[in-house]
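What the sequence shown shows, in numbering that gives the first Met the number 0, is residues 0 to 256, in sequence order.
A quick write-up on the structure given underneath.
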Amino acid sequence: MSVEVSREGAVAVVTVNRPEALNAIDLETITVLRDRLRELAVDVGVRAVVLTGSGEKAFIAGADIKYMSTLTVLEARAWGALGHECATLLETMPKATVAAVNGFALGGGCELALGCDIRYASTRAKLGQPEINLGILPGWGGSQRLARVVGLGIAKELIFTGRMVDAAEAHRIGLVNAVFEPEELLGKALELAQSLAAKSPAALAFAKQATNLSLQGALADGLAQEATLFAALFATEDQSEGMSAFIEKRTPGFTGR
0 MSVEVSREGA
10 VAVVTVNRPE
20 ALNAIDLETI
30 TVLRDRLREL
40 AVDVGVRAVV
50 LTGSGEKAFI
60 AGADIKYMST
70 LTVLEARAWG
80 ALGHECATLL
90 ETMPKATVAA
100 VNGFALGGGC
110 ELALGCDIRY
120 ASTRAKLGQP
130 EINLGILPGW
140 GGSQRLARVV
150 GLGIAKELIF
160 TGRMVDAAEA
170 HRIGLVNAVF
180 EPEELLGKAL
190 ELAQSLAAKS
200 PAALAFAKQA
210 TNLSLQGALA
220 DGLAQEATLF
230 AALFATEDQS
240 EGMSAFIEKR
250 TPGFTGR
């Protein structure tokens, strides 16, 4: 299988499995990835998702250039739509998504990582948007999400030059949240995902929705939406459980209701 899904309790681990091609994305892989992410987005048994690549060299080294080289304008639009849907699913599904960047994350690989809520990287990771060197621009959201993560000036530099950054620089500019030794990375990503999966699903989903609005539109609109979501959570059993547990000095048991 080009995409494998395994479960660690309430955490789903999605692994792009094409190590012979540095986990580069071809049409079959992006289609299967889209389908698996659609399923996970509505699976109530999954509370967090970790995205990674198989092997030790690559997270996702980019897209299949041989396939892309033959595309017509309409086919390129459809190819871009598949990538956009995958990144948007990672960004908007009502559960936390964590990228475990275990090596090369270039082009579409970097864009899929940018769709995740949190990015952890191996010390061996290399990230970048090299599309300019192919005579194109990022087509799976990189021109928009990268600037929101690292700032407009740095995003323009990386996209205009196509240069890669190593894990240390990626951490310095805010492209990744933390860096770990290769043998620690997946465990650390799973540890984070498990801790997020233990939160109230409704509260986490609403927090994700609210924070996703923070760089979009007017501040007043975002504050109004935050107020609505904040109040709505007081109709949930999880809110009552969370506050009761705090008062009673015990660990809350969130059920998602």
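Don't be surprised by glycine CBs; every beta carbon is placed ideally from N, CA and C.
Quantities reported herein were computed from a predicted structural model and do not represent experimental measurements.
Item                                                                                            : Value
Contact set for E55: own chain, Cβ-Cβ below 6 Å, skip 5 residues either direction               : none
Cutoff 7 Å; reference F103; Cβ partners in own chain excluding five residues on either side     : L21, K56, A57, F58, A60, K125
For S194 and G252, the rounded distance between their alpha carbons                             : 13 Å
Element boundaries [alpha helix (DSSP H), containing T91]                                       : 72–91
Span separating the alpha-carbon of R144 from that of T210                                      : 14 Å
Three-state secondary structure assigned by DSSP to S194                                        : helix
The beta strand (DSSP E) enclosing G102, as first and last residue numbers                      : Taken as a continuous stretch (DSSP letters only), G102 belongs to no beta strand (DSSP E), as it is neither H nor E.
Distance between F159 and S199 (C-alpha atoms, nearest Å)                                       : 41 Å
CA nearest to the CA of T96, picked from T69, V49, G150, T28                                    : V49
The segment 173–181 contacting the segment 116–133, beta-carbon criterion three pairs below 8 Å : yes
Buried or exposed (CB count within 10 angstroms, at least 16 for buried), D237                  : buried
Cross-strand partners of E210 (DSSP beta bridge)                                                : The sequence shown places Thr at residue 210, not Glu. T210 is not bridged to any residue.
DSSP bridge partner residues for E27 (one or two, in chain order)                               : Partner(s): none; E27 has no beta bridge.
Residue of T91, E84, H170 minimising C-alpha distance to T122                                   : H170
Where L126 sits in the DSSP three-state scheme                                                  : strand
CA-to-CA distance, L185 to A99, given in whole angstroms                                        : 6 Å
First and last residue of the uninterrupted alpha helix (DSSP H) at R6                          : Taken as a continuous stretch (DSSP letters only), R6 belongs to no alpha helix (DSSP H), being part of the beta strand (DSSP E) at 2–7.
For E7, the nearest candidate out of A192, L212, Q215, G108 (CA to CA)                          : A192
Residue closest to V4, alpha-carbon to alpha-carbon, out of G52, S213, A204, M242               : G52
Collapsed DSSP secondary structure at L50 in the structure displayed                            : strand
Beta-carbon spacing of G107, I24 below 8 Å                                                      : yes
Cα-Cα separation between M0 and T14, rounded to whole angstroms                                 : 10 Å
Proximity below 8 Å, CB of L88 to CB of A40                                                     : yes
Sheet register partners of Y119 (DSSP bridge)                                                   : A99, A177
Rounded separation between E90 and E130 - CA only                                               : 22 Å
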